[in-house]
Amino acid sequence: MSSTPNLSHGRGYLAIPGPSVMPEAVLNAMHRPAPNIYSGELVQMMPALMQDLRRVARTQHHVAMYIGNGHAAWEAALANVISPGDKVLVPATGRFGIGWGEMAKGLGAEVEVMDFGKQSAMDLARISERLAADKSHEIKAVLAVHVDTSTSVLNDIAGVRAALDAAGHPALLMADCIASLACDRFEMDDWGVDVMVTGCQKGLMVPPGVSFVFFNDRAAQVRTKMPRVSMFWDWAPRANPEEFYQYHCGTAPTHHIYGLRAALDLIHAETVEAVWARHAVLARAVWAACDAWSTEGSFALNIGDPALRSHAVTALRLEAPQATQLREWVQHNIGLTLGIGLGMAPPGSPESHGFFRLGHMGHVNGHMIMGLLGGLEAGMASIGIKRGQGALDAAAKVIGGV
Ligand SMILES: *Cc1c(COP(=O)(O)O)cnc(C)c1O
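Structure follows, in structure tokens:
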């Protein structure tokens, strides 16, 4: 093996759960001189851009755009509907639910975390019980993460709505779809979501830098009763601007607007339903390979039940330090970058080297997934990681529809 030349020279593949692979069409659309921000094309692009974002989120309601990452969208959403002292319920299924709750705490909210651990979805029965017990309706919002990118669990957001309705509870349902939008099926209006946050650098395939808060009329009503909302985070002028600068509360993210335009064109040309279906098949190919590897040695999928797994990201376990060894091997030898384990063990601890993640979100197709899986097979063979056989064959059958 030591005689193998270095095989990393070529186009790299960042298979982490965000930022995701960027389409050439997005990069090319961004490669341009600074556009006029007073009038002309950029200004005229905004209404259709907002409309096409709503189509991805499956909502007829409102969207506000922010220069910032997913954390900015978390804060933006909270800033419009949660006042200091308000109570929020956080049913957490990984690092991101915990993180959104921490942000709410920093903004003065009283945060109640229901922690469902690192390998399970939300328990809707327990959420229902908690809501039913809140007779005085102290809970103002439920902060629910659709796909927790750290554990790769997929939560039933429509089920949280059903729990709220069954309890006759008026709390807002706020969903984090930062990892799931344009990957896993999400229906904002049909599922009764009041506020949804997402970013541009995952399923939307644009370099990190802009994020979005979608909200319905119920949430807009709550906003109007807030004692104050910071001018920068206020979603009202952004969603319904009288002047162009109000979309962004200042200078527009010029090049991101062009990149996002190109990404939305790709998504709608494929259709949102077909984008979901593509992610579903690619995810099944990843799982088929992982199932085969898992039959021997320590290789394991973090989420056992396929119905509870995201189609955008897969969290995996290997006996420490093999996960880190594998990531380093594919990085240095074949130009493939895998995601680190997140929130599973203290960073840098010996146990932290037993977790890793595969991002398969956004601009990825069948041959890329076969390349990703083939790269893992090569890495495990080279390192000597004990694993079951037949993984690539199993994945190929899924991709081939056999
Ligand atoms: C990526 C991600 C975030 C954070 O987004 P940043 O852009 O890193 O701030 C929040 N929630 C989920 C579910 C994510 O996947």
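Note that the sequence shown covers residues 845 to 1246 in this note's numbering. We put the CB at the ideal spot given by N, CA and C, even for glycine. Predicted model, so just to flag it, every value in this text is computed and none were measured.
Judging by CA-CA distance, which residue of the options is the nearest neighbour of residue i?
| i | options | result |
| --- | --- | --- |
| Gly1036 | Ile860, Pro867, Asp1000 | Asp1000 |
| Gly1248 | Ala1164, Pro877, Ile1213, His915 | Missing from the structure shown is residue 1248; the chain here goes from 845 to 1246 and no further. |
| Val900 | Leu1025, Ala1019, Ile942 | Leu1025 |
| Val1050 | Ser1138, Ile1101, Met958, Lys1241 | Ile1101 |
| Arg1072 | Ile1178, Val887, Ser927, Pro849 | Ser927 |
| Gly1094 | Gly912, Thr903, His875 | Gly912 |
| Met1032 | Gly950, Arg902, Gly884 | Arg902 |
| His981 | Ala1235, Leu1236, Val932 | Val932 |
| Lys949 | Gly938, Ala965, Trp918 | Trp918 |
| Asn850 | Ala892, Gln1175, Arg1231, Leu1217 | Gln1175 |
| Ile971 | Arg855, Glu956, Pro935 | Pro935 |
| Ser1212 | Ala1239, Lys1230, Gln1233, Gly1192 | Contrary to the premise, residue 1212 reads as Met rather than Ser in this sequence. For the residues Ala1239, Lys1230, Gln1233, Gly1192, the minimum Cα distance to Met1212 belongs to Ala1239. |
| Ala869 | Asp1149, Leu1104, His1204, Glu1172 | Leu1104 |
| Asp959 | Trp1173, Lys1230, Asp967 | Asp967 |
| Pro863 | Asn880, Leu975, Gly1043 | Gly1043 |
| Leu998 | Gly856, Gly1148, Leu975 | Gly1148 |
| Arg841 | Asp930, Val957, Gly929 | The structure shown does not extend to residue 841, since the chain is modelled only from 845 through 1246, so no value can be given for it. |
| Gly952 | Gly943, Asp978, Leu922, Ala965 | Leu922 |
| Pro1097 | Met874, Gly856, Pro867 | Met874 |
Within 10 angstroms of its Cβ, does residue i collect 16 or more other Cβ (buried), or is it exposed?
| i | result |
| --- | --- |
| Gln1166 | buried |
| Lys984 | buried |
| Asn1146 | buried |
| His1112 | exposed |
| Leu1160 | buried |
| His905 | buried |
| Leu1016 | buried |
| Ser1074 | exposed |
| Thr1115 | exposed |
List the residues that DSSP assigns as beta-bridge partners of residue i.
| i | result |
| --- | --- |
| Arg1231 | Answer is none; Arg1231 lacks a bridge partner. |
| Val1041 | Asp1020, Val1057 |
| Lys931 | Glu954, Ile983 |
| Arg1153 | Val997 |
| His915 | In the DSSP output, where bridge partners are listed per residue, His915 has none listed. |
| Val865 | Gly1206 |
| Val1004 | Answer by DSSP bridge pairing: none, since Val1004 is not bridged. |
| Phe1200 | Leu1160, Ile1184 |
| Asp1033 | Asp1033 is not bridged to any residue. |
| Trp857 | A quick correction: the sequence has Tyr, not Trp, at residue 857. DSSP lists Leu1180 as partners of Tyr857. |
| His906 | Phe1059 |
| Val989 | Asp1020 |
Report the CB separation of residue i from residue j in whole angstroms; it is logged as a contact under 8 Å.
| i | j | result |
| --- | --- | --- |
| Leu1126 | Thr1158 | Actually they are not in contact, since the Cβ atoms of Leu1126 and Thr1158 sit about 10 Å apart, beyond 8 Å. |
| Val1004 | Ala988 | 5 Å |
| Phe1056 | Val907 | 6 Å |
| Gly1206 | Lys962 | Not really, about 24 Å apart at Cβ, beyond 8 Å. |
| Ser996 | Gly1187 | The pair is not a contact, with the Cβ atoms about 11 Å apart (cut-off 8 Å). |
| Val1039 | Met1018 | 4 Å |
| Gly1183 | Pro861 | 5 Å |
| Leu1224 | Leu1170 | It is Met, not Leu, that sits at residue 1224 in the sequence shown. Indeed they touch by this definition, with Cβ atoms about 6 Å apart. |
| Leu1008 | Val986 | 7 Å |
Under 7 Å: does the beta carbon of residue i sit that close to some heavy atom of ligand 1?
| i | result |
| --- | --- |
| Val989 | yes |
| Asn999 | no |
| His905 | no |
| Ile881 | no |
| Ile1022 | yes |
| Asp1028 | no |
| Asn913 | yes |
| Phe940 | yes |
| Gly1053 | no |
| Pro1071 | no |
| Thr993 | yes |
| Gly1234 | no |
| Lys949 | no |
| Gly1043 | yes |
| Gly789 | In the structure as shown, the chain starts at 845 and stops at 1246, and residue 789 therefore has no counterpart that could be examined. |
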